[in-house]
Every structure is written in structure tokens, then in C-alpha cells.
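**Q** Structure incoming, see below.
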Amino acid sequence: MGVIIDISHHQPPSSINYDKLAKQVDLVIIRTQYGSNTLDRHYKTHHKEFQKRGVPTAAYAWIRGKNVADMEKEATDFYNRTKEFNPCFWFLDVEEKTMADMRKGTSAFLKKLRSLGAKKVGIYVGHHLYKSFNLDLSEADAVWIPHYGKNNGTVNSKPAYPCDIHQYTDKGKLDGYGGYLDLNRIISNKKLEFFTGKAEIKPVTKPVEPTKQPAPNQSNQQNYANLPISGTTYPVAKDTAGYVTAADAKAGKNRKNTVKAGNYFVYNTKDDMINVTPRNGTPGSWINPADNKAAESTKNKTFRIRVKAAELWYYNHPDWNAKKATVKKGEVLTVVDTLSVNRSKMYKLISGNYITANTQYVEIVK
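At position 353 of the sequence shown the residue is numbered 353 (UniProt numbering), and the sequence of numbers has no breaks.
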């Protein structure tokens, strides 16, 4: 059963240890707004911090429209304010009667949100309002209902109405945040992956950690996730031109030799060029990875991905706790392998680093 929390600016970032909290949750639903006029003060930070740590984030908006036009305006604001984070789910929070026909108003909000591009849309409705609001829940992809019972941080009740997500307490406690949290559980036949977009897969190959040894000159090595690390192995898929300097390799001038197809150690990198050597720790020849790209893609079935999240962690070995640094939205990386780590899909990069394969955060470049 996945651990789902929902948060807003009432849980300020200054009070959250994101590293600790992220390890305990499978999905975070983050408020964007309370009506159109009240913007959540910390929703952007919450999305960025959890996404950087590989935790899927969804979004919700408390709806307060007084008529259909108001509802459509709120939906537009909600979408425009949140779309940069590509939430895996969009929820309408219906807890307040702001117009005579809340069924009609909620429907208008939902339809407008879908028309703008929201893929999966759900409805959160107060348990005590379920009957009187009589919402058209068939329009939603998921229904979320609060029912607390004793409200002591544990599950001891169940909603009287059918739903997918049960918010069972607002007195939840998790390591990483000192205050109370809203805790939720899935009680329908929908799987966690339906909400997060993550797919469970079997490992393609056994993950092998690269050997990491420092090269004599690290000062010129660029700190990008897509560049190989000195001391790791690098496959040369076809006979490739070798050069004396990185500048020559980039310009394609003053060819030194031919680097035969095979596996080599990385001695250094500079200006996106790679110095490969048959003897670890000894300078070799500079090559342009673009010369190797076509054959490499065919032989090793590599492909490229583009980062969709504003900022995303990558890892120095296949472990979600082994965070190394972050990459920014739009960066393109080369994938050489796909594996499963703790039931979640991870890509191995040509650099020897690893990154999430969740399509909420990365996309394959075609």
C-alpha cells in the first residue's frame, strides 16, 4: 500500500527535511490555490524538492467559483500555475458551497481543466457533502474522500461512499516533519501506479556499479550527468578517429590514430570530448562521442532522454539514496541500460550515473 500525503503552505519548507520525508512517501498531492485569489505560498518549492528526490507529485485546487464563468477561470489559473511541474494527477478540492448548483460548477471546472491539457483529473469531496452536492463523479478519473474516525493517526474508519483514495487522518506523523500531516490510502482496485505514472518492471540486466578511480586531472572535467566519470568504462562501438587534444577531436583536425572498437577506460573529459585509454589511469586518445554515436545506438540499443522536471536528481549508483547532483529541465542524456530499483524504473546513463525513468520527469527523445 502506497503512502500518500497532501500538503500546502501550512507545511512550510523550513520545517521539512525533504531527504527524510521523501523516503517515506510514494505520492505527494500539493495545493496550488484556494480559489483564484489565494495562491499557495510554497507549492513551487514542494514540487521541486519532492521531484528532485524522485517522488511523484500531484496537484489540487480548492474550488470557490460563484458561477460557471468563475469556475472556468479558476480552472485556467490552476492549470497555468501548475503545468510547469507536470503533475501526475490533478484534483478538484470540493469542500465549500459557493454556488447553488455545485454539481454544475464542479463539472464546468473539470471540463475546462481537461480542455487545457490535464490528463488525469480527480475529485476530492467532503464526506458530509457527498449527498447534498451530488457531484457527477463519473466525469473524474478518481474519487478522494476524507473520513477520520478516531483521528489518531491510524486507520480506523472507512468512508460510507465508494472512492479510490481515503484520507484517514489529519494527525499523521512521519519522520522529516515535526507537525501533523494528512495521510491517505488507496482503497479501490486501482494501483498506486495509476496515480503516479510509475510502472513496475522486471530488471533487464543485473546492475553493475562502475569502478571509480580519480584521474590525474579532474579540474577540466565538466560536472554533467551525461559525461562519463574518469575511471569508468566506455564502449567504442566502431573504429573511431583518435586525437591528441580535446580541441582537435571537437574540430575533427590533426588526427592522431584510430581507436579500435572495444571497451576502454575514461581518463578525462573536456568540452564534451572523451579521453579513452586501454590502461586505467594512463592518458590515451581523445575521441568525439558523436563519431561513435550512430554505431553505439545500434549495437548497444542506447537512446536519449530529455529532462521534463524543473530540476531532477541523478545518482552515482543504482540506489535512490545515492544522490549525486541535479540536472535541469531540457537537458538531454544518453541511456545505455534500464533496470528496476525498489520496484521503480531507473535508467543507467552513458556516464555511469543513474536517473529515474518515470515519464513524469523524463521523456524519450525521438
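Glycine is no exception: its CB is placed at the ideal position from the N, C-alpha and C atoms.
#1: List the residues that DSSP assigns as beta-bridge partners of Y34.
#2: Which class does L51 belong to by DSSP, given the choice of helix, strand or coil?
#3: Flag this pair as yes or no: are the beta carbons of K345 and N353 separated by less than 8 angstroms?
#4: Do F85 and T57 have their C-beta atoms closer together than 8 angstroms?
#5: Kindly indicate which residue of T334, I186, K323 has the alpha-carbon position closest to the one of Y18.
#6: Relative to the C-alpha of K119, which candidate in C88, Y315, S107, T245 has its C-alpha closest?
#7: How about F78 and A61: are their beta carbons less than 8 angstroms apart?
#8: Would you decide whether V332 is buried or exposed? Buried here means 16 or more other CB atoms lie within 10 Å of its CB.
#9: Less than 8 angstroms between the C-beta atoms of N342 and W313, yes or no?
#10: What did DSSP end up calling Q222 once you bin it into helix, strand or coil?
#11: Span of the alpha helix (DSSP H) holding F91?
#12: At the level of alpha carbons, what is the spacing between K97 and S188?
#13: Over what stretch of residues does the beta strand (DSSP E) that includes S285 continue unbroken?
#14: Quick check on this structure: which residue in Y347, L339, K308, N316 has the alpha carbon closest to the alpha carbon of K48?
#15: Nearest-angstrom Cα distance between I274 and N268?
#16: Can you tell me which of T282, V266, R304 puts its alpha carbon nearest to the alpha carbon of N288?
#17: Between the Cα of V68 and those of E95, M102, T38, spot the shortest distance and give me the residue it belongs to.
#18: With R306 as the anchor, note down where its beta strand (DSSP E) starts and where it stops.
#19: Give the range of the beta strand (DSSP E) segment to which K256 is assigned.
#20: Ends of the alpha helix (DSSP H) at D136?
#21: Helix, strand or coil, according to DSSP, for P13 in the structure here?
#22: If you count every other CB in all the chains shown that lies within 10 Å of the CB of S351, and 16 or more means buried, which is it?
#23: Tell me whether K260 is buried or exposed, calling it buried when 16 or more other Cβ atoms sit within 10 Å of its Cβ.
#24: Quick check on E311: does DSSP put it in helix, strand or coil?
#25: According to DSSP, which residues form a beta bridge with N275?
#26: What residues in its chain sit with their C-beta under 7 angstroms from that of F133, if we drop five residues either side in the sequence?
#27: Since T356 sits in a beta bridge, which residues does DSSP pair it with?
#28: Please name the residue in Y264, D271, W286, K173 whose C-alpha comes closest to that of R279.
#29: Can you tell me where the alpha helix (DSSP H) with D70 in it begins and where it stops?
#30: Looking at the strands, I want to know which residues DSSP matches up with H166.
#31: Pull up the DSSP beta-bridge partners for P235, would you.
#32: Looking at the unbroken beta strand (DSSP E) that takes in E363, where does it start and where does it end?
#33: Please report how far the alpha carbon of L113 lies from the alpha carbon of Q24, in whole angstroms.
#34: What are the start and end residues of the alpha helix (DSSP H) that includes L339?
#35: Output yes or no for whether 8 angstroms exceeds the beta carbon distance between G2 and I186.
#36: Compute the Euclidean distance between the alpha carbons of D272 and T245, then round it to the nearest angstrom.
**A** For this structure:
#1: Taking the sequence shown and counting its residues from 1, the one referred to as residue 34 is at position 34. Per DSSP, T38, W62.
#2: Along the sequence shown, one-based indexing puts residue 51 at 51. Per the sequence shown, the amino acid found at residue 51 is Gln instead of Leu. Assignment of Q51 by DSSP, reduced to helix, strand and coil, places it in the helix class.
#3: In the sequence shown, residue 345 corresponds to position 345, counting from 1. In the sequence shown, residue 353 corresponds to position 353, counting from 1. Not in contact: K345 and N353 (Cβ atoms no closer than 8 angstroms).
#4: Walking along the sequence shown from the start, residue 85 turns up at place 85. Walking along the sequence shown from the start, residue 57 turns up at place 57. The beta carbons of F85 and T57 sit closer together than 8 angstroms.
#5: Taking the first residue of the sequence shown as 1, we reach residue 18 at position 18. The alpha carbon of Y18 has as its nearest neighbour, out of T334, I186, K323, the alpha carbon of K323.
#6: Taking the first residue of the sequence shown as position 1, residue 119 is located at position 119. With distances taken between Cα atoms, K119 lies closest to C88.
#7: Start at 1 with the first residue of the sequence shown, and residue 78 comes out as number 78. Start at 1 with the first residue of the sequence shown, and residue 61 comes out as number 61. The answer is yes: Cβ separation under 8 angstroms.
#8: Counted from its first residue, the sequence shown places residue 332 at position 332. The residue in question, V332, is exposed, as its Cβ has fewer than 16 Cβ neighbours within 10 Å.
#9: Stepping through the sequence shown from its first residue, residue 342 is reached at position 342. Stepping through the sequence shown from its first residue, residue 313 is reached at position 313. N342 places its beta carbon 8 angstroms or farther from that of W313.
#10: Here residue 222 corresponds to residue number 222 of the sequence shown, with the count starting at 1. Unreliable positioning characterises Q222 in this predicted model, as indicated by a pLDDT of 42, which lies under 50. The coordinate reading is nonetheless provided below. Coil.
#11: Here residue 91 is taken as the residue at index 91 of the sequence shown, counted from 1. No alpha helix (DSSP H) holds F91; the beta strand (DSSP E) holding it covers 90 to 94.
#12: The residue labelled residue 97 in the question sits at position 97 within the sequence shown. The residue labelled residue 188 in the question sits at position 188 within the sequence shown. Taking the straight line from one Cα to the other gives about 27 angstroms.
#13: The count along the sequence shown starts at 1 and reaches residue 285 at position 285. It spans 285 to 287 - the beta strand (DSSP E) in which S285 sits, taken as one unbroken run.
#14: Numbered from its first residue, the sequence shown carries residue 48 at position 48. Shortest Cα-Cα distance from K48 to any of Y347, L339, K308, N316 involves K308.
#15: For the purposes of this step, residue 274 is identified with residue 274 of the sequence shown, where counting begins at 1. For the purposes of this step, residue 268 is identified with residue 268 of the sequence shown, where counting begins at 1. Their backbone Cα atoms lie some 6 angstroms apart in a straight line.
#16: Here residue 288 corresponds to residue number 288 of the sequence shown, with the count starting at 1. Closest by C-alpha distance to N288, out of T282, V266, R304, is V266.
#17: For the purposes of this step, residue 68 is taken as residue 68 along the sequence shown, with counting starting at 1. Relative to V68, the option among E95, M102, T38 whose CA is nearest is M102.
#18: Translated into the one-based positions of the sequence shown, residue 306 becomes position 306. That run of the beta strand (DSSP E) goes 303 to 307.
#19: Within the sequence shown, residue 256 is the residue found at index 256, counting from 1. Annotation for K256: the continuous beta strand (DSSP E) segment containing it runs 255 to 259.
#20: As a first step, residue 136 must be located in the sequence shown, where it is residue number 136. Under the DSSP assignment, D136 falls outside any alpha helix (DSSP H); it carries neither an H nor an E label.
#21: Residue numbering aside, residue 13 sits at position 13 when the sequence shown is read from its first letter. In the displayed model, P13 falls within a helix according to three-state DSSP.
#22: For the purposes of this step, residue 351 is taken as the residue at position 351 of the sequence shown. With 16 or more other Cβ atoms within 10 Å, it is buried.
#23: Taking the first residue of the sequence shown as position 1, residue 260 is located at position 260. The residue in question, K260, is exposed, as its Cβ has fewer than 16 Cβ neighbours within 10 Å.
#24: As a working mapping, residue 311 is identified with position 311 in the sequence shown. Three-state result, E311: strand.
#25: The residue you call residue 275 lines up with position 275 of the sequence shown. For N275, the pairing in a beta bridge is given by DSSP as N268, W286.
#26: Here the question's residue 133 lines up with position 133 in the sequence shown. Excluding sequence neighbours, F133 sits near V94, M102, R103, V125.
#27: On the sequence shown, residue 356 is found 356 positions in, with the first residue counted as 1. Its beta-bridge partners are M346.
#28: Taking the sequence shown and counting its residues from 1, one reaches residue 279 at position 279. Of the candidates Y264, D271, W286, K173, Y264 places its Cα closest to the Cα of R279.
#29: Translated into the one-based positions of the sequence shown, residue 70 becomes position 70. Unbroken alpha helix (DSSP H) run through D70: 68 to 82.
#30: Here residue 166 corresponds to residue number 166 of the sequence shown, with the count starting at 1. The partner list for H166 (beta bridge, DSSP) reads I145, R185.
#31: Translated into positions along the sequence shown, residue 235 becomes position 235. Answer is N263, bridged to P235.
#32: On the sequence shown, residue 363 is found 363 positions in, with the first residue counted as 1. Judged by DSSP secondary structure, E363 falls within the beta strand (DSSP E) whose first and last residues are 362 to 364.
#33: Here residue 113 refers to the residue found at position 113 when the sequence shown is read from its first residue. Here residue 24 refers to the residue found at position 24 when the sequence shown is read from its first residue. The straight-line gap from Cα to Cα measures roughly 30 angstroms.
#34: As a working note, residue 339 is residue 339 in the sequence shown. Looking at the DSSP string, L339 is not in any alpha helix (DSSP H); the run it does join, the beta strand (DSSP E), is 332 to 341.
#35: Counted from its first residue, the sequence shown places residue 2 at position 2. Counted from its first residue, the sequence shown places residue 186 at position 186. Yes, the Cβ-Cβ distance between G2 and I186 is below 8 angstroms.
#36: Mapped onto the sequence shown, residue 272 falls at position 272. Mapped onto the sequence shown, residue 245 falls at position 245. Each residue's alpha carbon lies about 12 angstroms from the other.
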